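For reference, the structure discussed in these notes is given below.
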Amino acid sequence: MSQDPRALLLAWFNAQPRNRVAALLVVLCAAVVAMTEPVLPALMKHVLDVGFTTRRDFALWTVPAVLLGLFTVRGVAWLGSQFLTQWITQNVLARVRSLVYGQVLHAELAVLQRESASSLIGAAVYEAQQALGMIFPGLLTLTRDTLTLTALFGYLLWINWSLTLLTLAILLPLLVTMRAISRRAKRLNAQMQKAAEQAAYALEEGMLAAPVIRVHNAQSTFAARFDRMNQGLRRMTVKAMVSGSSTTPVSQWLSALAVSVVIVYALHQAQLPGRHSVGGFVSFITSMLMTLSPLRRVSDIVQPMMRALSSLDRLRGIVGAPQESDTGRHAAARARGDIVFEAIGVRFPGQDRAVLDGVTLHVRAGESLALVGPSGAGKTTLVRLLPRLLEPSLGAIRLDGVALRDWSLASLRAQIALVSQDVVLLNDSVGANVSFGEPVDEARAWAALDAAALGDFVRSLPGALAAPIGHNGSQLSGGQRQRLSIARALYRDTPLLILDEATSALDAESERLVQHAVDRLMQGRTTIVIAHRLATIAHCDRIAVLDEGRLVELGTEAELLATGGLYAQLHRMQFREPAPGA
């Protein structure tokens, strides 16, 4: 169950016990700073009342000594509160970043698919920095200035309670106005944040689709679309800034009104004999004016605090998202690889048609099975069920006779290697990309690279295994990137293998090298191959044909061609064969 932002912030804060000690020290430092505030007007009162008369009761050297001592204590306490606040902020910020990245690694994939990459990056890095960088310093300001106002108003009541009550009565409109402005600022900041996310996503989308946009001559359309979002963000930002900025002049105007009324009333009181001394009046006015700065600071933090609370709502949704279910306890050092799909059904929320509907299939240990069918037939969905990247809505899947839910996730996924057309490579060395999260065993890595027909190329690189490959393998060709992903699967040496269009989008020479590497990779493993190009699956033992989420054909290639069904139709289309009887 999701927590409200304050409870969530408290949980992050309490994750490190030293934060509580630091917070107590911050309050102590803030209290010291606050207690020094009324000391200066009190000293001024005494100096004015007796320092310029024959009744002076202090030595002249005590004036600079007291002032320097006062500001030394105040300065140390101020620096201490600032340092400790930043220390707490960075502790909590590190915790939040770890939690968000933990969700990337462990949350249900459906949660990640609802978020764009720019949104998650913004939440983990920029929004967290912005929110916590405002909240904790803002809390320090509220604490320190609240204590300061308490000390100053206590002193004002002691000097002249009637003037003080009059001042407090005048401040009520200020508080009501500030509350109304803060509510509007929070609403506008939430709208501004949503508009900023839409603009960031549009920019990311434009970068990803840049080649396609140019080919379609769609620059003007996309530019106009982005301009609408950009102008909407500009207007919303201006509104939010104006709403927040109006806090300062309004509070200053009301403060000026309060000062004017108080001065007039004090002058009236001064006409009464024996009521006030000059030192008392100057001390009162000084103390009252000293309340303006903390009042202004409190009003100035309203806008950033509202923006920070809006950011916490976003972080709450990400950090509080459900994680993958891992209740199984079964584990095996190495599975045999016998897979059974029993009446599998998958239906995504909001969709009328099931993605998979009653699929029953037995893949024998060591067998290679090809999945073919039109786009949207459910091939990728079916194989994503095996490592439990998705969960079936109906039916069950068994590996070596044990339901997948009864396997521990770590042990289950240790049995599976995946080679996809969408190769993901780390901005790291060749060796780190081959081992992918495991310590690099150089002998295993070289054996895997040689088997993937990439060993000679890697040996030619400066640093060999230690050579960097750039962002997502930008320094490699398409075929080299694909063979590196195959070397990763060979290094993993699992009994189950999933090949998802592993040779697509390659030139003829690269495809030949990759296909040879794939053939070596499949030896002795239970393999499920997804392919649209039927020429790449001729070596598979059997072929399963899916259409609209149902298993419609199953058999060897010769058997399926003989039946003249959907597979035979796809085969004729790709190989330009004449239809029977034509």
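In the numbering used here, the protein residues as written are 1290 to 1871. The beta carbon of each residue, even a glycine, is placed where N, CA and C say it ideally should be. As the structure is a computational prediction, the values presented were derived from the model and not from experiment.
Cβ neighbours of Thr-1526 within its own chain (closer than 6 Å, five residues either side excluded): Met-1481.
When the alpha-carbon of Ile-1826 is set against those of Asp-1836, Met-1811, Val-1539 and Gly-1838, the nearest one is in Met-1811. Rounded to the nearest whole angstrom, the C-alpha separation of Ala-1491 and Thr-1510 is 12 Å. DSSP places Phe-1372 outside any beta strand (DSSP E); the residue lies instead in the alpha helix (DSSP H), whose first and last residues are 1351-1395.
DSSP links Val-1661 through a beta bridge to Val-1834.
DSSP assignment within the stretch 1449-1507 yields the following whole alpha helix (DSSP H) runs of 4 residues or more, N-terminal first: 1450-1497 and 1499-1504. As DSSP reads the structure, Pro-1757 sits in a beta bridge with Ser-1718. Ile-1787 and Ile-1819 have their C-alpha atoms some 8 Å from each other. The straight-line gap separating the alpha-carbon atoms of Ala-1741 and Thr-1670 is approximately 27 Å. Between Val-1321 and Leu-1455, the C-beta spacing is not below 8 Å. Inclusion of Val-1548 and Met-1577 in the CB contact set at 8 Å is warranted, their separation being smaller than that value. The secondary-structure analysis by DSSP pairs Ile-1590 with nothing; it has no beta-bridge partner. Per DSSP, Arg-1777 is one residue of the alpha helix (DSSP H) stretching across 1767-1781.
One thing to note: Ile-1448 has its Cβ within 8 Å of the Cβ of Ser-1572. With contacts defined by Cβ atoms closer than 8 Å, Ile-1590 and Thr-1439 do not form a contacting pair. It is roughly 41 Å from the alpha-carbon of Pro-1784 to the alpha-carbon of Ala-1304.
In the DSSP annotation of this structure, the continuous segment of the alpha helix (DSSP H) that includes Ile-1574 starts and ends at 1567-1579.
Secondary structure of Ser-1709 (DSSP, three-state): strand.
Looking at the DSSP output, Ala-1685 shares a beta bridge with Glu-1631. CA-to-CA, the gap between Leu-1457 and Leu-1446 works out to about 11 Å. It is roughly 8 Å from the alpha-carbon of Arg-1702 to the alpha-carbon of Arg-1677. Under the three-state reduction of DSSP, Leu-1750 is assigned to coil, being neither helix nor strand. The residue from Ala-1699, Ala-1474, Phe-1515 and Ala-1469 with its alpha-carbon nearest to that of Ala-1485 is Phe-1515.
Short of 7 Å from the beta carbon of Ala-1488, and not among the five residues preceding or following it, lie these beta carbons of its own chain, in chain order: Met-1518, Asn-1519 and Leu-1522. Each of Gly-1609, Arg-1673, Glu-1656 and Val-1629 was checked against the Cα of Arg-1687, and the nearest Cα belongs to Val-1629.
If you draw a straight line from the Cα of Leu-1835 to the Cα of Asp-1695, it is about 27 Å long. The C-alpha of Ala-1659 is placed about 10 Å away from the C-alpha of Glu-1846.
Around the Cβ of Ala-1632, a 10 Å sphere holds fewer than 16 other Cβ atoms; the residue is exposed. Asp-1730 sits in coil when the DSSP states are folded into three classes, being neither helix nor strand. Burial of Val-1315 is indicated by the presence of at least 16 other C-beta atoms within 10 angstroms of its C-beta.
Less than 8 Å separates the beta-carbon of Asp-1689 from that of Asp-1627.
DSSP places His-1619 within a strand segment (E or B) once states are collapsed to three. In the structure shown, Val-1553 adopts helical secondary structure according to DSSP, grouped into three states. The alpha-carbon of Pro-1462 is positioned some 21 Å away from that of Met-1594.
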